[in-house]
Amino acid sequence: MKYYVNVNGTEHEVVLTERLGVLTVEVDGEVLDTDYHEVDQLGQAHLLCGDKSYAVSVEGDDTRVAVTIAGHVYDIEIEDERERAAHAAAREAAKHGGLIKAVMPGVVVELLVSPGETVAEGQPLLILEAMKMQNEIKATSPAVVEKLHVEAGQAVASGAPLVTLSAIE
Amino acid sequence: MFDRILIANRGEIALRVIRTARELGMETVAIYSDFDRDALHTRMAHIAVPLGGNLPSESYLVVDKILAAAKETGAQAIHPGYGFLSENAGFARAVEAAGLAWIGPPPEAIEVMGDKIESRRAMQAAGVPVVPGIVDPIDDAEAAVVIAQEIGYPIAIKAAAGGGGKGIRVVREPSEMESAFRQASGEAISSFGDGRLYMERFLDRGRHIEVQVMFDGHGKGVHYGERECSIQRRHQKLLEECPSVVVDDELRARMGEVAIQAGQAVGYRGAGTVEFLYMDGEFFFLEMNTRLQVEHPITEMVTGVDLVHEQLRVAAGEKLGYDQSAIEMRGHSIEVRINAEDVPAGFLPSTGTVHNLRLPGGPWVRIDSCLYRGLVVGLNYDPMLAKVVVWGPDRGVAIARMKRALEELNVGGVRTSAPAAMAVLEEPRFIEGDFDTKFLESLDLSQARGGLSILAAAAAALHRRNEAQRQALAPDASSRRGWTQRHRSSLTDHIRRSQ
């Protein structure tokens, strides 16, 4: 099985081959002599690489995994060949949209723009309060405000759409 | 001393107070919200009283419920911890009016020190050096621009009722004033219910150094040296150490003396922290925190004094019983705060259930924590989950020990601030002691810094393979539900037919 594993923005190809009960791990064309053992079902694992021992923590789902080794957390996105093709298509489609989403759960304190308004890059669009800190959500590029998805006082979840911007003609 | 005390708080600080009280043979009363039914402080206390509700405003901030719990359980004193009602003079008064001892400073001292404008006035009068600025509240952004010309940029706009880094904005030029003023006053109103703002010179390259003081009710005060708290982000501290590399014995004595002077000027009693801004050999009073601080353990590690024990003693009316010469600082201590935050995403709040947990141990490592497997981390309460505190005979050993402890730590289910602290500890400028309050914000923390990406990639792929195998072997939840559904309907059909 071949996986495309993106670690902090750098892609690695990991090939796992199982033959006659022996698992071979190949990263970027090089065979690693590894023995991966799950300590519990909660995330603690032990990775032996040659005779080197690493007490690691691995958690996440099929596509997003966080691996902790010696106090550092590696953010990982993982795709097999089929998923890779599907994701590439989705990414291409998303390029042309201008939807700004909440990156954290919070409450919309104030809307600073209205639909139809032209905004400059970096201009504050609205104020989102999370953990009692007020954060300005800014325009990522010069644009026209197409639609506001929220109202002042509204609680939003992480990932909720806030504002749709469209490119200036 | 007291036989039974109530702790009007939650989390690691409630547990911290419970621990000392237990060691002294004192009984403890915990209060808890519905959300905290399983919390460690609820479980570790002798008595636990439910307050109901989930939000702080339904539980830990409701004075009447807390006083009723104290009365019902026969508690003689209330320890407020930090945050919540700890710096609320009205609560302190209500506690005393109910005939209970308040384990904190007199309400009048809380009031003066809690108001940035009042405290600046009081400190100026007492001869304590303060940051250049104005003490009168500003009306609006236009007035602020005028006053800013006199003080000189950069300017810090601060909430009069502020604290915890909320309601503070830095303005570097007049054009930024309006947006900064609006945000600071919005935050001040939502956090403190008081929109008054004042201004002072923003000393850009300063260090945040604070002095721990303790006063008994008999006019005696001592200090336990300083804490270096410059490793912070948006005024939220991440890593603290004691002592500070820039403070020598002579400076420590001077800062300590001024800190005691500050406390005496407001008739202080109990534990307090006087915060200073230090720059090029000069130091200015910033504010006094009229409570036990989050980072108090590093002072305890270096001085060998249990600050909660001292709080309890002086609140019970005991004399300190020693003077400044009895306080000795030995070695070096560092604390790292483990907050539920996503560091690469810019320290955004992280929520989830802690299922994967490995806490460090070993010599001279202290964990003050509210963590347990199954802990649900939400948005209703403070994001601080734990403090890792180490001691070493010198700063080098303490740094090495903290790195070792953080390598052992895993908190899964939420993201934590630990990798950011790790990055700080590995940074040459930190190791040399050359940093200020801008240091943490200057680091690029958007990506992991460890050099084991290949291994991490292999572990992730192996994890996915194991997950896939588990799913293939176990009948999955949806098909089980489907089977039960079919089974039930066929059973109902059967019953219907037989009727």
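Quick note, the sequences are listed as chains A and B, same order.
The opening position of the first sequence corresponds to residue 1 in the working numbering, with each subsequent residue numbered one higher.
The opening position of the second sequence corresponds to residue 1 in the working numbering, with each subsequent residue numbered one higher.
We treat Cβ as the ideally placed atom computed from N, Cα and C, and that holds for glycine.
DSSP state of residue i, grouped into three classes?
| i | result |
| --- | --- |
| Pro-174 of chain B | helix |
| Gln-154 of chain A | coil |
| Thr-73 of chain B | helix |
| Arg-201 of chain B | strand |
| Pro-243 of chain B | coil |
| Leu-473 of chain B | helix |
| Met-1 of chain B | coil |
| Asp-35 of chain A | strand |
| Ser-141 of chain A | coil |
| Thr-416 of chain B | coil |
| Met-329 of chain B | coil |
| Phe-215 of chain B | strand |
| Ser-369 of chain B | strand |
| Gln-123 of chain A | coil |
| Val-168 of chain A | Note that residue 168 of chain A is Ile in the sequence shown, not Val. Coil. |
| Phe-84 of chain B | coil |
| Leu-15 of chain B | helix |
| Lys-319 of chain B | coil |
| Arg-82 of chain A | helix |
| Thr-299 of chain B | helix |
Measuring straight from C-alpha to C-alpha, what distance separates residue i and residue j?
| i | j | result |
| --- | --- | --- |
| Ala-398 of chain B | Arg-373 of chain B | 28 Å |
| Leu-385 of chain B | Gly-116 of chain A | 44 Å |
| Glu-108 of chain B | Pro-363 of chain B | 43 Å |
| Arg-169 of chain B | Val-308 of chain B | 34 Å |
| Ser-333 of chain B | His-37 of chain A | 36 Å |
| Phe-215 of chain B | Gln-293 of chain B | 15 Å |
| Val-266 of chain B | Asp-280 of chain B | 28 Å |
| Ala-400 of chain B | Val-145 of chain B | 47 Å |
| Val-305 of chain B | Thr-299 of chain B | 8 Å |
| Ile-314 of chain B | Leu-320 of chain B | The question names Ile, but residue 314 of chain B in the sequence shown is Val. Roughly 7 Å between the two C-alpha positions. |
| Tyr-3 of chain A | Ala-156 of chain B | 51 Å |
| Ala-94 of chain A | Phe-192 of chain B | Note that Ala-94 of chain A scores a pLDDT of 49, beneath 50, so its modelled location is shaky; the value from the coordinates is reported in the next line. So the two alpha carbons sit approximately 41 Å from each other. |
| Pro-344 of chain B | Thr-416 of chain B | 10 Å |
| Leu-277 of chain B | Gly-122 of chain A | 32 Å |
| Glu-77 of chain A | Leu-462 of chain B | 13 Å |
| Thr-17 of chain A | Ala-405 of chain B | 36 Å |
| Ala-167 of chain A | Val-113 of chain A | 16 Å |
| Glu-295 of chain B | Leu-40 of chain B | 20 Å |
| Glu-111 of chain B | Met-288 of chain B | 11 Å |
| Gln-212 of chain B | Val-7 of chain A | 44 Å |
| Glu-257 of chain B | Gly-263 of chain B | 10 Å |
| His-96 of chain A | Val-163 of chain A | For His-96 of chain A, the predicted model reports a pLDDT of 48, less than 50, meaning its position is unreliable; a value from the coordinates is still stated below. Those two C-alpha atoms are separated by around 15 Å. |
| Val-389 of chain B | Pro-137 of chain B | 39 Å |
| Gly-378 of chain B | Asp-36 of chain B | 11 Å |
| Glu-96 of chain B | Pro-80 of chain B | 13 Å |
| Ala-48 of chain B | Lys-65 of chain B | 13 Å |
| Ser-224 of chain B | Asp-323 of chain B | The displayed chain sequence assigns Tyr, not Ser, to residue 224 of chain B. When rounded, the distance between both Cα atoms is 11 Å. |
| Glu-11 of chain A | Phe-284 of chain B | 50 Å |
| Asp-35 of chain A | Leu-23 of chain A | 9 Å |
| Glu-81 of chain A | Ala-55 of chain A | 30 Å |
| Gly-396 of chain B | Gly-159 of chain A | 43 Å |
| Asp-62 of chain A | Gly-50 of chain A | 27 Å |
Tell me, which residues are paired with residue i by DSSP?
| i | result |
| --- | --- |
| Tyr-74 of chain A | A:Val-67 |
| Gly-133 of chain B | B:Glu-200 |
| Glu-129 of chain A | A:Val-107, A:Gln-134 |
| Gln-236 of chain B | B:Arg-233 |
| Arg-358 of chain B | B:Asn-410 |
| Gln-447 of chain B | According to DSSP, Gln-447 of chain B bridges with nothing at all. |
| Tyr-4 of chain A | A:Glu-13, A:Glu-79 |
Pair every Cβ in the region 409-417 of chain B with every Cβ in the region 346-360 of chain B, then say whether three or more of these pairs are closer than 8 Å. Yes: the two stretches touch, three or more of their Cβ pairs being nearer than 8 Å.
Any residues in the region 111-124 of chain A with a beta carbon nearer than 9 Å to a beta carbon of chain D? Which ones, in chain order? No chain D is part of this structure, whose protein chains are labelled A and B.
For the region 450-478 of chain B, enumerate the residues whose C-beta is nearer than 7 Å to any C-beta of chain A, in chain order. Within the region 450-478 of chain B, the residues whose Cβ lies closer than 7 Å to any Cβ of chain A are, in chain order, Gly-450, Leu-452, Ser-453, Ile-454, Leu-455, Ala-456, Ala-457, Ala-458, Ala-459, Ala-460, Ala-461, Leu-462, His-463, Arg-464, Arg-465, Asn-466, Glu-467.
Determine contact between the region 339-354 of chain B and the region 249-259 of chain B, defined as no fewer than three beta-carbon pairs at a distance below 8 Å. Segment contact: the region 339-354 of chain B against the region 249-259 of chain B, fewer than three CB-CB distances shorter than 8 Å; contact not assigned.
Relative to chain A, which residues along the region 180-214 of chain B have a C-beta separation below 8 Å, given in chain order? Those would be Gln-183, Gly-186, Glu-187, Ser-190, Ser-191, in chain order.
Which of the residues in the region 346-379 of chain B, read from start to end, lie with their CB under 7 Å from any CB of chain A? Listed by position, the residues of the region 346-379 of chain B near chain A (Cβ gap below 7 Å) are Leu-348, Pro-349, His-355, Asn-356, Arg-358, Leu-379.
May I ask you to verify whether the region 1-11 of chain B touches the region 55-72 of chain B, counting CB pairs closer than 8 Å and requiring at least 3? Yes, they touch.
Mind checking the region 55-79 of chain A against chain B and listing, in chain order, the residues whose C-beta falls within less than 7 Å of any C-beta there? Those residues of the region 55-79 of chain A that come within reach of chain B (Cβ to Cβ, closer than 7 Å) are Val-56, Ser-57, Val-58, Glu-59, Asp-62, Val-65, Val-67, Thr-68, Ile-69, Ala-70, Gly-71, His-72, Val-73, Tyr-74, Asp-75, Ile-76, Ile-78.
Taking 8 Å as the threshold, find out whether the region 368-383 of chain B comes into contact with the region 425-434 of chain B through three or more Cβ pairs. Not touching, per the Cβ criterion.
Name, going along the chain, the residues of the region 414-440 of chain B whose beta-carbon falls closer than 7 Å to a beta-carbon of chain A. Contact annotation: in the region 414-440 of chain B, residues whose CB is within less than 7 Å of a CB in chain A are Ala-418, Pro-419, Met-422.
The region 36-54 of chain B touching the region 139-159 of chain A, judged by at least three CB pairs closer than 8 Å: Because the criterion of three Cβ pairs below 8 Å is not met, the region 36-54 of chain B and the region 139-159 of chain A do not touch.
Taking a Cβ distance cut-off of 7 Å, strictly less, list which residues of the region 9-40 of chain A are near chain B, in chain order. The region 9-40 of chain A vs chain B, Cβ under 7 Å: Gly-9, Thr-10, His-12, Val-14, Leu-16, Val-25, Val-27, Leu-32, Thr-34, Tyr-36, Glu-38.
Return the residues of the region 48-61 of chain B that lie within a Cβ-Cβ distance of less than 8 Å from chain A, sorted by chain order. Hits within the stretch: zero.
Report the residues of the region 41-52 of chain A with a CB closer than 8 Å to any CB of chain B, ordered along the chain. For the region 41-52 of chain A, which is checked against every Cβ of chain B, the residues closer than 8 Å are Leu-42, Gly-43, Gln-44, Ala-45, Leu-47, Cys-49.
For the region 219-235 of chain B, which residues have a beta carbon sitting closer than 9 Å to at least one beta carbon of chain A? Listed by position, the residues of the region 219-235 of chain B near chain A (Cβ gap below 9 Å) are Arg-234.
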